[in-house]
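Below: the structure, in structure tokens.
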Amino acid sequence: ATGFTPLALETFLHAELRERVSGANVRVSSGRFGDLPGNLERAAAARPDGVAVVIEWSDIDPRLGLRGRGTLTTAEASVELLASAEATLTRLQRRISALAEVAPVALALPTLALPPYFLDPANVLGATRLKLQAVLANFAAAVGALPRVRVAALDPAADGRDIASELHAGFPYKREHASRVAAALAAALWPAAPRKGLITDLDDTLWRGILGEVGVDGVGWSLEHGSQVHMLYQQVLANLMASGVLVAVATKNDPALVQEAFKRADFVV
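In the working numbering, the protein residues as written are 19 to 287.
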């Protein structure tokens with residue numbers, strides 16, 4: 019579901035899903051050009067196995083794309099633009115919420131740069147662009163909290179736009195960028211099975227030092243002792259454990275000594 023002609027993006031998405039869904043007969047279909055809200059509604063009616071949704075700035079307001087027309091250089095136009103963007107994203111949020119009740123949704127937020135229509139000094143983000151990003155962030159937080167909606171992890175790409183393709187064919191991405199977006203959408207739509215467990219070493223891994231040589235009080239994992247990296251590792255393990263991953267230990271240390279180290283008050287895991 020896009021507002022532009024997906025072309026290579028659809029091809030790459032099909033290939034990515036074929037690799038992830040082994041043995042399945044994968045079919046990918048797209049909607050109508052310039053009608054992202056309608057495409058979301060039609061997708062819900064089709065009851066697919068999943069929907070990849072790609073939003074670009076031109077879907078939020080046509081003036082934010084290269085094919086749109088309209089001035090953005092006056093204060094009145096900026097106020098109207100922000101109101102229009104917020105209203106559009108509110109409508110999209112309702113459509114995505116309804117769609118997620120039918121099928122899992124992977125969502126890609128705008129990855130292309132805003133067009134150079136704003137009168138900001140060089141290397142400065144002006145108020146209008148910052149407010150647009152804030153409106154988008156609020157939308158992303160709202161839809162990302164919906165059950166069965168996953169927001170793909172994609173950073174904006176300064177070199178992702180193909181201007182000629184966008185103007186002549188309605189497809190705004192370079193092939194490399196389309197491949198990157200498709201891979202992120204496929205991973206969000208059909209994620210790999212989570213790992214059930216992790217086995218870790220202790221000495222110079224979970225903590226700094228050799229437990230059998232320096233004792234319980236000699237091992238460390240703090241910034242003060244130059245071993246903050248081990249603290250960060252412990253925090254990662256604690257997060258994995260909180261999500262249900264089983265963490266085990268493989269060590270040649272004396273088990274009784276290990277248990278004493280685990281009882282230290284500053285131990286994170």
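Virtual Cβ for every residue (Gly too), placed ideally from N, Cα, C.
Counting along the chain, the unbroken alpha helix (DSSP H) around G56 starts and ends at L54 to A64. V267 is bridged by DSSP to T218. Cβ-Cβ distances below 8 Å link W208 to L35, R38, V39 and G68 in the same chain, with the five nearest sequence neighbours on each side left out; the list follows chain order. Contact between A124 and A159 is ruled out by a C-beta separation of about 17 Å, above the 8 Å threshold. Secondary structure at V39: coil, using DSSP grouped into helix, strand and coil. The beta carbon of A266 sits closer than 7 Å to those of G215 and I217, all from its chain and outside the five residues before and after it, given in chain order. Inter-residue distance for F136 and L150 is about 12 Å (C-alpha atoms, whole angstroms). Setting aside the 5 residues that flank it on each side, L27 is surrounded in the same chain by T20, V72, F189, Y191, A196, V199 and A200, each with a C-beta closer than 8 Å to its C-beta; the list follows chain order. By the criterion of a C-beta distance shorter than 6 Å, E184 is surrounded in its chain by L84 and P190, once the five residues flanking it on both sides are discounted. Take A170, set aside five residues on each side of it, and the residues of its chain with a beta-carbon closer than 7 Å to its own are A124, L125, A126, A202, L203 and A206, in chain order. Distance from T106 to D79 at the Cβ level is roughly 7 Å; contact confirmed, criterion being Cβ atoms closer than 8 Å.
Counting every other CB atom within 10 Å of its CB across the protein chains shown gives P273 a total below 16, marking it as exposed. Boundaries cannot be given for R50, as no alpha helix (DSSP H) includes it and DSSP labels it neither H nor E.
Collapsing the DSSP output to three states places Y191 in a strand. Annotation for L100: the continuous alpha helix (DSSP H) segment containing it runs A93 to A118. Counting along the chain, A124 sits inside the beta strand (DSSP E) bounded by residues V123 to A126.
A residue is called buried once 16 or more other Cβ atoms fall within 10 Å of its Cβ, and H186, having fewer, is exposed. Excluding sequence positions up to five before and after P55, its CB lies within less than 7 Å of the CB of R109, L110 and R113, all in the same chain and listed in chain order. Of the candidates D180, V161 and E104, the residue whose Cα lies closest to the Cα of P24 is D180. For the segment 220–283, the full-length alpha helix (DSSP H) segments reaching 4 residues or more read 229–232, 246–260 and 273–280 along the chain. DSSP places V161 in the uninterrupted alpha helix (DSSP H) bounded by A145 to G162.
With respect to the 8 Å criterion, T146 and L82 are not classified as neighbours on the basis of their beta carbons.
Here S76 is buried. Its C-beta has 16 or more other C-beta atoms within 10 Å. Taken through DSSP and simplified to helix, strand or coil, A211 comes out as coil. With contacts defined by Cβ atoms closer than 8 Å, E59 and F22 do not form a contacting pair. Rounded to the nearest angstrom, the gap between the Cα atoms of V46 and A64 is 12 Å. Rounded to the nearest whole angstrom, the C-alpha separation of D177 and P139 is 21 Å. Between the alpha carbons of V167 and N271 lies a gap of roughly 45 Å.
Assignment of R166 by DSSP, reduced to helix, strand and coil, places it in the coil class.
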